[in-house]
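S.K.: Read in UniProt numbering, the sequence shown has 32 at position 32, and its numbers run on one by one without any break. First the structure, then my questions, so here it is.
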Amino acid sequence: MRCIEDGYLQGLIADEAYTIHQEVEQGHRPVVGVNRFVTDEPPPEIATYELDAEGRDLQLKRLAKVKAERDAVAVRQALTALAKSAEGTDNLMHNLIDCANAYCTVGEMVSTLKSVWGEFVQPVVF
């Protein structure tokens, strides 16, 4: 854990990324479309999906309905069991499955884990 906290692993990753970048820039590492088989044609347009307000509202209504109809006691018990397991070294998969079966949202599960573990802040490495 100390090497993660001190940023040692991030340093190794950053060093390797820099080495690979230099190899690509110098042409020693071929990358199609970057330094090999480069074309003057503009890249193709890629259609992206954008959720409209109506679709968003529909999803929010569906979520509200699920939350209103689910067993609140089962949700609370599943999230409490998840938090308890997260405090130790238990495998969390069974707890996560129980949460999903109780109709806990992903956000509720993640919030529960964050309340136990906190939020990881990647160390800055130079």
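Using N, Cα and C, we set each Cβ at its ideal position, and we do this for glycine too. Treat the numbers as computed from the prediction; the structure is a model and nothing was measured.
#1: Compute the Euclidean distance between the alpha carbons of residue 100 and residue 61, then round it to the nearest angstrom.
#2: Within the same chain, show all residues whose beta-carbon is closer than 8 angstroms to that of residue 87, passing over the 5 residues directly before and after it, in chain order.
#3: Can you say whether residue 39 is buried or exposed, counting buried as having 16 or more other CB atoms within 10 angstroms of its CB?
#4: I need the straight-line Cα distance from residue 20 to residue 41, nearest angstrom please.
#5: Cα-Cα, which of 51, 97, 105 and 34 is closest to residue 43?
M.R.: Put simply:
#1: If you draw a straight line from the Cα of residue 100 to the Cα of residue 61, it is about 19 angstroms long.
#2: Counting only Cβ-Cβ distances below 8 angstroms, and skipping sequence neighbours, we find 116.
#3: With fewer than 16 other Cβ atoms within 10 Å, it is exposed.
#4: Straight-line Cα distance between these residues: approximately 26 angstroms.
#5: The alpha carbon of residue 43 has as its nearest neighbour, out of 51, 97, 105 and 34, the alpha carbon of 34.
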